[in-house]
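Novice: Chains Y and B, in that order, give the protein sequences.
The numbering of the first sequence is the working numbering, which starts it at 1 and goes up by one.
The numbering of the second sequence is the working numbering, which starts it at 1001 and goes up by one.
Don't be surprised by glycine CBs; every beta carbon is placed ideally from N, CA and C.
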Amino acid sequence: MAERAAVVGIGQTRYKTRRNDVSIAGLLREAVDRALEDADVSFADIDAVIIGKAPDMFEGVIMPESYLADALGAMGKPMLRVHTAGSVGGSTAIVAASHVQSGTFKRVLTVTFEKQSESNAMWALSTPQPFSVHLNAGAGGYFAPIIREYIRRSGAPDDVGIKVAVKDRRHGARNPLAHLQLPDITEQEVRDSMMLWDPLRFLEACPSSDGACAMVIAAEDSITGSKPPAWIRGVAMRSEPTMYAGREEVNPQAGRDCAADVYAQAGITNPRRDLDCAEIYVPFSWYEPMWLENLGFAAEGEGWKLTLEGATSLDAGGDIPWNCSGGVLSSNPIGASGMIRFAEAARQVRGDAGAHQVDGARLAMGHAYGGGAQFFAMWIVGADKG
Amino acid sequence: MREIAVVAYSQSPCVADAGATNEVELIMPQLQAVYSQLGLASAQDVDFVCSGSCDYLQGAAFAFVAGVDALGAVPPIKESHVEMDAAWALYEAILKIRMGHADSALIYGFGKSSPGELPIVLSQRLDPYYLAPLWLDTVSLAALQARLLLDQDLVSERDMAAVVARSRRNAMDNPLAQLAGEFSIEELLAEEHFVAPLRRADCCPVSDGAAAMVIATVEQARAWGAPYARITGIDQRIENHNPCLRDLTDSVSTRQAAAAAGVHRGPVDVAEIYAPFSHQEILLTRALGLDDSTLVNPGGGVLAGNLMMASGLSRVGEVFRRIVDGKAGRGVAHATSGPCLQHNLVAVLEGA
Chain Y
1 MAERAAVVGI
11 GQTRYKTRRN
21 DVSIAGLLRE
31 AVDRALEDAD
41 VSFADIDAVI
51 IGKAPDMFEG
61 VIMPESYLAD
71 ALGAMGKPML
81 RVHTAGSVGG
91 STAIVAASHV
101 QSGTFKRVLT
111 VTFEKQSESN
121 AMWALSTPQP
131 FSVHLNAGAG
141 GYFAPIIREY
151 IRRSGAPDDV
161 GIKVAVKDRR
171 HGARNPLAHL
181 QLPDITEQEV
191 RDSMMLWDPL
201 RFLEACPSSD
211 GACAMVIAAE
221 DSITGSKPPA
231 WIRGVAMRSE
241 PTMYAGREEV
251 NPQAGRDCAA
261 DVYAQAGITN
271 PRRDLDCAEI
281 YVPFSWYEPM
291 WLENLGFAAE
301 GEGWKLTLEG
311 ATSLDAGGDI
321 PWNCSGGVLS
331 SNPIGASGMI
341 RFAEAARQVR
351 GDAGAHQVDG
361 ARLAMGHAYG
371 GGAQFFAMWI
381 VGADKG
Chain B
1001 MREIAVVAYS
1011 QSPCVADAGA
1021 TNEVELIMPQ
1031 LQAVYSQLGL
1041 ASAQDVDFVC
1051 SGSCDYLQGA
1061 AFAFVAGVDA
1071 LGAVPPIKES
1081 HVEMDAAWAL
1091 YEAILKIRMG
1101 HADSALIYGF
1111 GKSSPGELPI
1121 VLSQRLDPYY
1131 LAPLWLDTVS
1141 LAALQARLLL
1151 DQDLVSERDM
1161 AAVVARSRRN
1171 AMDNPLAQLA
1181 GEFSIEELLA
1191 EEHFVAPLRR
1201 ADCCPVSDGA
1211 AAMVIATVEQ
1221 ARAWGAPYAR
1231 ITGIDQRIEN
1241 HNPCLRDLTD
1251 SVSTRQAAAA
1261 AGVHRGPVDV
1271 AEIYAPFSHQ
1281 EILLTRALGL
1291 DDSTLVNPGG
1301 GVLAGNLMMA
1311 SGLSRVGEVF
1321 RRIVDGKAGR
1331 GVAHATSGPC
1341 LQHNLVAVLE
1351 GA
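1. If you follow the alpha helix (DSSP H) that B:Gln1152 is in, where does it begin and where does it stop?
2. Any beta-carbon of chain A closer than 9 Å to the one on B:Pro1075?
3. Assuming B:Val1302 contacts B:Ser1293 under a Cβ cut-off of 8 Å, what Cβ separation, rounded to an integer in Å, is found between them?
4. For the candidate residues Y:Thr110, Y:Val100 and Y:Met75, whose alpha-carbon lies nearest to that of Y:Gly89?
5. Check B:Asn1344 in the structure and name its three-state DSSP category.
6. With a threshold of 7 Å on Cβ separation, who are the neighbours of Y:Glu10 within its own chain once the five nearest residues in sequence on each side are excluded?
7. Cβ closer than 8 Å: which chain B residues qualify as neighbours of Y:Ile24?
8. What's the gap between the Cα of B:Ser1251 and the Cα of Y:Ser102?
9. Can you name the residues of chain B whose CB is closer than 9 Å to the CB of Y:Gly301?
10. Y:Met75 bridges to which residues according to DSSP?
11. What are the boundary residues of the beta strand (DSSP E) that B:Val1214 is part of?
12. Which of the three DSSP states, helix, strand or coil, is assigned to Y:Cys258?
13. Please check the pair B:Asp1269 and B:Gly1329, which I expect to be a contact at CB under 8 Å, by giving their CB distance rounded to whole angstroms.
14. Please compile the residues from chain Y whose C-beta is within a distance smaller than 8 Å of the C-beta of B:Leu1122.
15. Which residues in chain Y sit within 7 Å of B:Phe1062, going by Cβ to Cβ distance?
16. Between B:Glu1079 and B:Phe1183, what straight-line distance do the alpha-carbon atoms span, to the nearest angstrom?
17. Nearest by alpha-carbon distance to B:Ala1146: which of B:Phe1110, B:Gly1181, B:Arg1166 and B:His1193 is it?
18. Compare the C-beta of Y:Thr127 against all C-beta atoms of chain B and say whether one is closer than 9 Å.
19. CB-CB under 7 Å to B:Glu1092, same chain, minus the five flanking residues each way: which ones, in chain order?
20. Which residue's Cα is closest to the Cα of Y:Arg238: Y:Ala278, Y:Thr84, Y:His179 and Y:Thr17?
21. What is the DSSP secondary structure of Y:Val111, counted as helix, strand or coil?
22. Enumerated in chain order, which unbroken segments of the alpha helix (DSSP H) with a length of 4 residues or greater are wholly contained in the stretch 1073–1109 of chain B?
23. How should Y:Thr186 be labelled, buried or exposed, when 16 other C-beta atoms within 10 angstroms of its C-beta is the threshold for buried?
24. Once the 5 residues before and after B:Ala1161 are set aside, which same chain residues still bring their CB inside 6 Å of it?
25. When DSSP labels each residue in this structure, what does B:Phe1062 get in the three-state scheme?
26. Which residue from Y:Phe43, Y:Leu363, Y:Lys385 and Y:Ala93 puts its Cα closest to that of Y:Arg273?
27. Any idea if B:Cys1054 is buried or exposed, counting beta-carbon neighbours within 10 angstroms, 16 or more meaning buried?
28. Taking Cβ-Cβ distances shorter than 8 Å, what residues in chain Y pair up with B:Trp1135?
29. Distance, Cα to Cα, B:Arg1098 vs B:Glu1191?
30. Evaluate contact between the stretch 353–362 of chain Y and the stretch 165–175 of chain Y, counting only Cβ atoms and requiring at least three cross-stretch pairs below 8 Å.
31. Determine the contact status of B:Gln1032 and B:Ala1008, defining contact as a CB-CB distance below 9 Å.
32. Helix, strand or coil: which one does DSSP assign to Y:Glu3?
33. Listed in chain order, which residues of the stretch 222–240 of chain Y have Cβ atoms closer than 9 Å to some Cβ of chain B?
34. Short of 8 Å Cβ to Cβ, which residues in the stretch 71–83 of chain Y face chain B?
35. For the candidate residues Y:Gly52, Y:Ala2 and Y:Ser193, whose alpha-carbon lies nearest to that of B:Lys1096?
36. So for B:Thr1138, helix, strand or coil by DSSP?
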């Protein structure tokens, strides 16, 4: 019943630790202007603007869509601000797509961002709350025990995380927008880096980035631009509580359900075989094998074998490259990170991914997760309408 | 396009200070109320859930995550959140139903504003480079707007007092209201100015509470067998946030949203207008193109109690309630967001 929609424009900033040279609005405009140019449209052609970002405390600006309406050309138009924790970049893309897929609008602009240098995300996440467990460790400290449980269950060798860290940084070196440019990174270097949250070392964690990512999404009769559109073949979101008795935290049900939903929409029965590549939210190295299993690319307990075989590596000629752009491990403007995954999946099927292009990619997946691995957003994009 | 209806709605009382009651505890009774209106057991019985809230009210990043605890989201549910008034969560849910990915949706909004100084907190919503450093609070901004209206003879202080007197009187029949009573215009005008030209009574109170709603396709509404009101139009528009760069004596975005939502395509029996300050009700009534034939804010509106992040959704809910109670055939709900009515949503509801 949903109307067909496609990504027709993509724009990203260069990701880096600090963008002191631009305001928050200026940062967004870099991505937005590039997306509009890519789609060969102007603000006048945009029907609605949908923005997303992680918590407002990361910049100290409450509900920043108010302040940004002007810079994003939204005046006189509908505007929506999505916030679904770390998955927000993906959720925002899905909400933006719904503006078109519902038949309500012809062409929308969506943009997500984080200017992490304005604050300290780890501490913004650690404000004490009455009657709640006080988490003073940021995201890495939260996920490390879950990763240790994965290692215990699967019997994965201890260098799997290191291999992911090296692979994604080598991918990132192909992407001129990536924050970390580490073309010569070695496994030894990762192993020797400081242990932050056992088993996660410094080089197995994502950086803290400033950046923005924008897309123009259009209806079938409103396709513009000279590049091929990336047709949206499926969208899905799932949420579950942070904690409940018996919760499966290593392989969350919400992730499995979300994947099953989006695969069914896109006609995917075997993701490893049917997809050409995927951009999956891996902020900490070990989440690659964990998500390989959660998303059905490998059987439970077997995900790490794909990583070790090089199946997910572009450099090793793997059959299912993951995070060819360098992924979250190479760039992490939190609120934008999910949308970057969605946009990079679209770049692949448009044949527009530059040096990190997967040859002949026709079908790709974008994935984002957030909170205590409890919020999931996924989409499948294709070169064909389906 | 699929026809969508409001089928259930509930709002908590507006209280000045909910004390030790936390956000989940504010939300849960409202969820239970809408479930019981439809005979549902939990959020598992709807296809989609969307909420609206603001981290800064609670003083914590991801404050809405705790809200998920109120839902019974095991097994996992399809769920989303806007950092906006829940009226915009309603908007997102409508798109989801229109695209065929849901036949029903639960929407809720909540705010516990009492722990902070809300007008000052919201100053940090302004342009972070030029306005937020001034700590320009929401009451002062509204006072500037009222001054413009008074100086241009578009509104008088007597008009503003009349809005307050009517709100307080209407609220006497509204058990959820925070402020109610019989006051004469003279009595109100005899009060001192608070932030001139506004008197305290011209400003909405700060309230704690929550609201919830269920919407569904008309087919689903009939299957549930509950009374419903169709949402025949909904639109939302934003303007420049800088108060110096727009005409504060008008609400252009409300006019745009009203036109797109089709307010003028029929009689408007009732209008629920989100006007946190008395002069704004007058301004918005004009922008919506309403005349004396429309009953405005019959429960007292937000001058009688203002649940940040939920009051916009409640406006829609109040119109729904009057329609299903047979007191109105067609009504308009308005929600606002941002300084001096920057961002406005208008919905039109009609009887089954």
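Specialist: Taking the geometry as given:
1. For the purposes of this step, residue 1152 of chain B is taken as residue 152 along the second sequence, with counting starting at 1. Note, B:Gln1152: premise wrong, no alpha helix (DSSP H); not H, not E.
2. Looking for chain A here will not work: the only protein chains present are Y and B.
3. Locating residue 1302 of chain B in the second sequence gives position 302, counting from the first residue. Locating residue 1293 of chain B in the second sequence gives position 293, counting from the first residue. The pair is not a contact, with the Cβ atoms about 23 Å apart (cut-off 8 Å).
4. Here residue 89 of chain Y refers to the residue found at position 89 when the first sequence is read from its first residue. Of the candidates Y:Thr110, Y:Val100 and Y:Met75, the one whose C-alpha sits nearest the C-alpha of Y:Gly89 is Y:Thr110.
5. As a working note, residue 1344 of chain B is residue 344 in the second sequence. Here B:Asn1344 sits in strand by DSSP.
6. Residue mapping note: residue 10 of chain Y aligns to position 10 of the first sequence, counting from 1. Before going on, a small fix: residue 10 of chain Y reads as Ile here, not Glu. Hits under 7 Å: Ala35, Asp38, Met215, Ala343, Ala346 and Arg347.
7. Counting from 1 along the first sequence, the entry for residue 24 of chain Y is found at position 24. Pro1128, listed in chain order.
8. Taking the second sequence and counting its residues from 1, one reaches residue 1251 of chain B at position 251. Taking the first sequence and counting its residues from 1, one reaches residue 102 of chain Y at position 102. The straight-line gap from Cα to Cα measures roughly 28 Å.
9. Taking the first sequence and counting its residues from 1, one reaches residue 301 of chain Y at position 301. The contacting residues do not exist; Y:Gly301 stays about 22 Å from chain B at best.
10. By one-based count along the first sequence, residue 75 of chain Y stands at place 75. According to DSSP, which records beta bridges pairwise, Y:Met75 is partnered with B:Ile1238.
11. Along the second sequence, read from residue 1 onward, the residue named residue 1214 of chain B stands at position 214. That run of the beta strand (DSSP E) goes Asp1208 to Thr1217.
12. Taking the first sequence and counting its residues from 1, one reaches residue 258 of chain Y at position 258. In the structure shown, Y:Cys258 sits in a helix (DSSP, three-state: H, G or I).
13. Taking the second sequence and counting its residues from 1, one reaches residue 1269 of chain B at position 269. Taking the second sequence and counting its residues from 1, one reaches residue 1329 of chain B at position 329. Confirmed, about 6 Å.
14. Here residue 1122 of chain B refers to the residue found at position 122 of the second sequence. Going along chain Y in sequence order, the residues near B:Leu1122 (Cβ under 8 Å) are Ile62.
15. Mapped onto the second sequence, residue 1062 of chain B falls at position 62. Under the 7 Å cutoff, chain Y gives Pro55, Ala85 and Gly371.
16. Within the second sequence, numbered from 1, the residue matching residue 1079 of chain B stands at position 79. Within the second sequence, numbered from 1, the residue matching residue 1183 of chain B stands at position 183. Those two C-alpha atoms are separated by around 45 Å.
17. Within the second sequence, residue 1146 of chain B is the residue found at index 146, counting from 1. With distances taken between Cα atoms, B:Ala1146 lies closest to B:His1193.
18. Taking the first sequence and counting its residues from 1, one reaches residue 127 of chain Y at position 127. So, interface residue.
19. As a first step, residue 1092 of chain B is located in the second sequence; it is residue number 92 there, counting from the start. Correct list, in chain order: Cys1050, Ser1080 and Val1082.
20. Sequence index remark: in the first sequence, residue 238 of chain Y carries index 238 (1-based). It is Y:Thr84 whose Cα lies nearest to the Cα of Y:Arg238.
21. Position 111 of the first sequence, counted from the start, is the residue given in the question as residue 111 of chain Y. In this structure, Y:Val111 counts as strand in the three-state DSSP scheme.
22. 1086–1098
23. Translated into the one-based positions of the first sequence, residue 186 of chain Y becomes position 186. By the 10 Å Cβ count, Y:Thr186 comes out exposed.
24. Within the second sequence, residue 1161 of chain B is the residue found at index 161, counting from 1. The residues are Ile1185, Leu1188 and Leu1189.
25. Against the second sequence, residue 1062 of chain B aligns to sequence position 62. Looking at B:Phe1062 - three-state DSSP - the assignment turns out to be coil, as it is neither helix nor strand.
26. For the purposes of this step, residue 273 of chain Y is taken as residue 273 along the first sequence, with counting starting at 1. Per the Cα distances, Y:Leu363.
27. Indexing the second sequence from 1 puts residue 1054 of chain B at position 54. Looking at its Cβ environment, which holds 16 or more other Cβ atoms inside 10 Å, B:Cys1054 is buried.
28. As a first step, residue 1135 of chain B is located in the second sequence; it is residue number 135 there, counting from the start. In chain order: nothing, as chain Y lies at least about 13 Å away.
29. Counted from its first residue, the second sequence places residue 1098 of chain B at position 98. Counted from its first residue, the second sequence places residue 1191 of chain B at position 191. Their backbone Cα atoms lie some 50 Å apart in a straight line.
30. yes
31. Here residue 1032 of chain B corresponds to residue number 32 of the second sequence, with the count starting at 1. Here residue 1008 of chain B corresponds to residue number 8 of the second sequence, with the count starting at 1. Their beta carbons are not under 9 Å apart, which means B:Gln1032 does not touch B:Ala1008 by this criterion.
32. Position 3 of the first sequence, counted from the start, is the residue given in the question as residue 3 of chain Y. Of the three classes helix, strand and coil, the one that applies to Y:Glu3 here is coil, per DSSP.
33. Val235, Ala236, Met237, Arg238, Ser239 and Glu240
34. Within the stretch 71–83 of chain Y, the residues whose Cβ lies closer than 8 Å to some Cβ of chain B are Ala74, Met75, Gly76, Lys77, Pro78, Met79, Leu80, Arg81, Val82 and His83, listed in chain order.
35. On the second sequence, position 96 is the one that residue 1096 of chain B refers to. Checking every option, the nearest Cα to that of B:Lys1096 belongs to Y:Ala2.
36. Translated into positions along the second sequence, residue 1138 of chain B becomes position 138. In the structure shown, B:Thr1138 sits in a helix (DSSP, three-state: H, G or I).
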